[in-house]
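Notes follow once the structure below has been shown.
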Amino acid sequence: MKTMEDVQQTKQENVQAYVERIMKIIEKRNPNEVEFHQAAKEVLDSLVPVLVKHPEYIDHAIVERMVEPDRLLTFRVPWVDDQGRVKVNRGFRVQFNNAIGPYKGGLRFHPSVNASIIKFLGFEQIFKNSLTGQPIGGGKGGSDFDPKGKSDLEIMRFCQSFMNELANHIGPDVDVPAGDIGVGAREIGYMFGQYKKLRGAYEAGVLTGKGLGYGGSLGRKEATGYGTVYFVDEMLKDNGLSFKDKTVVVSGSGNVSIYAIEKATELGAKVIACSDSSGYIYDANGIDLETIKQLKEVENKRIYHYLDHHPNALYMEGCAGIWSLPCDIALPCATQNELDEQSANMLIENGVKAVGEGANMPTTLDAIHTFMDNDVLFAPAKAANAGGVAVSALEMAQNSARLAWTVEEVDGKLKQIMKNIYQDSVQASEEYGVAGNLVTGANIAGFKKVADAMIAQGVN
Numbered sequence: 001m002k003t004m005e006d007v008q009q010t011k012q013e014n015v016q017a018y019v020e021r022i023m024k025i026i027e028k029r030n031p032n033e034v035e036f037h038q039a040a041k042e043v044l045d046s047l048v049p050v051l052v053k054h055p056e057y058i059d060h061a062i063v064e065r066m067v068e069p070d071r072l073l074t075f076r077v078p079w080v081d082d083q084g085r086v087k088v089n090r091g092f093r094v095q096f097n098n099a100i101g102p103y104k105g106g107l108r109f110h111p112s113v114n115a116s117i118i119k120f121l122g123f124e125q126i127f128k129n130s131l132t133g134q135p136i137g138g139g140k141g142g143s144d145f146d147p148k149g150k151s152d153l154e155i156m157r158f159c160q161s162f163m164n165e166l167a168n169h170i171g172p173d174v175d176v177p178a179g180d181i182g183v184g185a186r187e188i189g190y191m192f193g194q195y196k197k198l199r200g201a202y203e204a205g206v207l208t209g210k211g212l213g214y215g216g217s218l219g220r221k222e223a224t225g226y227g228t229v230y231f232v233d234e235m236l237k238d239n240g241l242s243f244k245d246k247t248v249v250v251s252g253s254g255n256v257s258i259y260a261i262e263k264a265t266e267l268g269a270k271v272i273a274c275s276d277s278s279g280y281i282y283d284a285n286g287i288d289l290e291t292i293k294q295l296k297e298v299e300n301k302r303i304y305h306y307l308d309h310h311p312n313a314l315y316m317e318g319c320a321g322i323w324s325l326p327c328d329i330a331l332p333c334a335t336q337n338e339l340d341e342q343s344a345n346m347l348i349e350n351g352v353k354a355v356g357e358g359a360n361m362p363t364t365l366d367a368i369h370t371f372m373d374n375d376v377l378f379a380p381a382k383a384a385n386a387g388g389v390a391v392s393a394l395e396m397a398q399n400s401a402r403l404a405w406t407v408e409e410v411d412g413k414l415k416q417i418m419k420n421i422y423q424d425s426v427q428a429s430e431e432y433g434v435a436g437n438l439v440t441g442a443n444i445a446g447f448k449k450v451a452d453a454m455i456a457q458g459v460n
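Just so you know, my numbering puts 282 at position 282 of the sequence shown, and the rest follows in order with no gaps.
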C-alpha cells in the first residue's frame, strides 16, 4: 500500500516530467534562442512545487500558454544617415502576456538585439511586472540599431522611422514601451513626438521615461538602481546585515549602476569599482560618483577617462575582471550573463556575502546555483530589478490622473513596493518548501497572480 510520502513523490516526479516536456517543446519551437531557453528554464524549474500543489494550473495549460507570446512583431526600420545614405535595421516588439494589464516593457537599441533577446526580456517582464503589484502585463522590444557614434539627427530619424511602425501596435491601454539599454530620455522624446504626430492626439501614457516637462515622473531615472539597493537592503536586514561599512562592486555605468552606487553610498557602503563595455575602474578610496555622472551623463565618454580626474585609480581592460575584486556585496548592473560560474567562484573565494541583480538576467544559471550552494544571499533580477518598471507604472498613473507627484512621494512608493516584493518572495519560498530561495520565491509569487488571472479570463 502506498504511503502519503509515496503519493507525494509520484506527484513530484510527474510534474518534473511535465516541466521537462514543456522545456523540450520550447527548444524545438524556438531553435537557437539560447537566452530565451535560459530564461524559460529558470522559471519552469522554479514552478515544480507550485504545480504539485495546484494541479489546476496544469489542467488549464497555464505554463504552455504563458511561454508562448501573444504575438511577436518584426519589422523593417529604414532611415537616412547624415551622408544621405539609406540604412536598414530590424525592429522588434514582443507582446507576451496582458492578463493583468497592458503590455509593459522597455525598448533596447543595441547591435546584439534579436528575437531571442527580446523574448527572454519579455518573458522575464511578465513576472517582474506582476511582482510590482501594479496592473501591467509583460512585453519588450527594440532594434539592432546602435546609437553609439550616431549624431542626434541620425538618432532622431531612426526613432521616427521605428515609431512609424510601432505606433500601429501600442497605446496607453494596449502596450506601453519605455527605455532600456541604448534608449534614454532623448530617444523616448523623439519617439513620443512621432507617435503624437501620427495619432493626432496627446496620449501621455503611451510611453514612460518621458522628460519631466511633458509627462515624465520624478524619480524614474533613479528608480531601477535605487530599487535594487532597497531590495538588497531588505534582504541584508533580514539576515542581520546592512550596507553600512560594506565594500561594494557595481558593474556597468549607466542609469542602473549610477543610482545603485548613489543609494548604496547613502546607506554607508563604499563602492570601489564600476565598468563599461571597454573595461573597469578600481578606486580604493571609493568611486567618485560625480565624476562618473559627468563622464557618462554629460560628456558621453569611456570609463577610463575617470583616471584623468583620479590618477591614483586603476583601469583594466575587459569587464569580467571586475568580479575578481574582493567585496562584501556585488551588484551586476550591466547586461545579461555578465557574471558566470568562474566569476562567482572568485567572488566567493574573496568573501562576498550578497549578490543583487540590477540588470536583466546578469548571472548565469550555473553561477546562481554556485552562490546558493555556498550560502551567498542572492537577490534575483525579477525582484531586485523591478524598481524601474514599478515607477514606470507610477508614471502611467500620474499621466492618467493628469497630475505629478513629488520626488519624495515617488521614492516613498518605490521603497514600499520593493519591500513588498521582498516580503512576497520570502513568503512564497516558505509556503512552497524552499525557504530562503528568493529565485524560486519570486518566480512563484509573480507566476501565481498571472496564472490566476488567466484562469479567470478563460482560454484566449
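Here a beta-carbon is modelled for each residue, glycine too, at the ideal position from N, C-alpha and C.
These figures come from a predicted structure and were not determined experimentally.
Rounded straight-line distance, which links the Cα of residue j to that of residue i
{"i": "Tyr-280", "j": "Ala-344", "result": "17 Å"}
{"i": "Asn-30", "j": "Phe-96", "result": "15 Å"}
{"i": "Tyr-282", "j": "Ala-383", "result": "28 Å"}
{"i": "Tyr-57", "j": "Ile-421", "result": "23 Å"}
{"i": "Val-94", "j": "Lys-24", "result": "21 Å"}
{"i": "Phe-447", "j": "Asn-89", "result": "34 Å"}
{"i": "Gly-137", "j": "Ile-258", "result": "27 Å"}
{"i": "Ala-354", "j": "Ser-251", "result": "15 Å"}
{"i": "Ser-217", "j": "Leu-403", "result": "10 Å"}
{"i": "Arg-220", "j": "Gly-122", "result": "20 Å"}
{"i": "Leu-295", "j": "Ala-381", "result": "27 Å"}
{"i": "Gln-160", "j": "His-110", "result": "17 Å"}
{"i": "Gly-213", "j": "Asp-375", "result": "47 Å"}
{"i": "Cys-333", "j": "Glu-20", "result": "31 Å"}
{"i": "Ile-188", "j": "Met-235", "result": "33 Å"}
{"i": "Asp-152", "j": "Lys-197", "result": "19 Å"}
{"i": "Gln-194", "j": "Gly-254", "result": "26 Å"}
{"i": "Glu-68", "j": "Thr-370", "result": "30 Å"}
{"i": "Asn-437", "j": "Phe-378", "result": "8 Å"}
{"i": "Val-459", "j": "Gly-388", "result": "31 Å"}
{"i": "Lys-413", "j": "Asp-238", "result": "21 Å"}
Selection from the options that minimises the alpha carbon distance to residue i
{"i": "Gln-423", "options": "Gly-171, Gly-139, Gly-142, Phe-231", "result": "Phe-231"}
{"i": "Met-156", "options": "Phe-75, Glu-266, Ala-185, Gly-141", "result": "Ala-185"}
{"i": "Ser-392", "options": "Pro-78, Tyr-103, His-309, Lys-87", "result": "Tyr-103"}
{"i": "Glu-409", "options": "Asn-32, Leu-331, Ala-223", "result": "Ala-223"}
{"i": "Gln-125", "options": "Glu-154, Val-176, Phe-109, Glu-165", "result": "Val-176"}
{"i": "Val-174", "options": "Asp-180, Ala-273, Leu-166", "result": "Leu-166"}
{"i": "Asp-146", "options": "Asp-238, Trp-79, His-310", "result": "Trp-79"}
{"i": "Arg-302", "options": "His-310, Trp-323, Gly-205, Ser-275", "result": "Ser-275"}
{"i": "Val-77", "options": "Asp-70, Thr-291, Val-86", "result": "Val-86"}
{"i": "Asn-399", "options": "Phe-92, Leu-207, Ile-292, Val-450", "result": "Leu-207"}
{"i": "His-169", "options": "Gly-84, Lys-148, Gly-139", "result": "Gly-139"}
{"i": "Ala-178", "options": "Arg-199, Arg-65, Gly-211", "result": "Gly-211"}
{"i": "Gly-142", "options": "Phe-162, Asn-443, Gly-149, Glu-299", "result": "Phe-162"}
As assigned by DSSP and simplified to three states, the class of residue i
{"i": "Thr-3", "result": "coil"}
{"i": "Thr-406", "result": "coil"}
{"i": "Ser-324", "result": "helix"}
{"i": "Pro-102", "result": "coil"}
{"i": "Met-361", "result": "coil"}
{"i": "Phe-145", "result": "coil"}
{"i": "Glu-317", "result": "strand"}
{"i": "Leu-51", "result": "helix"}
{"i": "Ser-151", "result": "coil"}
{"i": "Val-43", "result": "helix"}
{"i": "Val-355", "result": "strand"}
{"i": "Ala-393", "result": "helix"}
{"i": "Gly-446", "result": "helix"}
{"i": "Leu-331", "result": "strand"}
{"i": "Arg-302", "result": "coil"}
{"i": "Glu-193", "result": "Per the sequence shown, the amino acid found at residue 193 is Gly instead of Glu. In this structure, Gly-193 counts as helix in the three-state DSSP scheme."}
{"i": "Leu-473", "result": "Residue numbering for the chain in the displayed model covers 1 to 460; residue 473 lies beyond these limits and cannot be assessed."}
{"i": "Gly-458", "result": "coil"}
{"i": "Gly-171", "result": "strand"}
Neighbourhood of residue i by C-beta distance below 8 Å, restricted to the same chain and skipping five residues each side
{"i": "Ala-453", "result": "Ala-99, Ile-100"}
{"i": "Gln-336", "result": "Glu-35, Ile-117, Phe-120, Ala-359, Asn-360, Met-361, Pro-362"}
{"i": "Lys-270", "result": "Asp-245, Lys-246, Thr-247, Val-248, Gly-286"}
{"i": "Val-434", "result": "Pro-49, Thr-440, Gly-441"}
Spatial neighbours of residue i in its chain, beta-carbon cut-off 7 Å, leaving aside the 5 residues before and after
{"i": "Lys-415", "result": "Tyr-230"}
{"i": "Ala-61", "result": "none"}
Neighbourhood of residue i by C-beta, 6 Å cutoff - its chain only, sequence neighbours within 5 removed
{"i": "Asn-350", "result": "Pro-326"}
{"i": "Leu-267", "result": "Phe-243"}
{"i": "Val-256", "result": "Thr-224, Gly-225, Cys-333, Gly-358"}
Residue i - partner residues in DSSP beta bridges
{"i": "Arg-76", "result": "Arg-90"}
{"i": "Lys-270", "result": "Thr-247"}
{"i": "Lys-487", "result": "Residue 487 falls outside the range modelled here, since the chain spans only 1 to 460, and no answer is possible."}
{"i": "Pro-177", "result": "Gly-105"}
{"i": "Ala-379", "result": "Gly-356"}
{"i": "Ile-281", "result": "Cys-274, Tyr-315"}
Residue i Cβ short of 7 Å to the ligand ATP heavy atom set
{"i": "Gly-213", "result": "As for the ligand ATP, it is missing from this structure, which has no ligand bound."}
C-beta neighbour in chain D for residue i, strict 8 Å
{"i": "Lys-263", "result": "Of the protein chains in this structure there is only one, and it is not chain D."}
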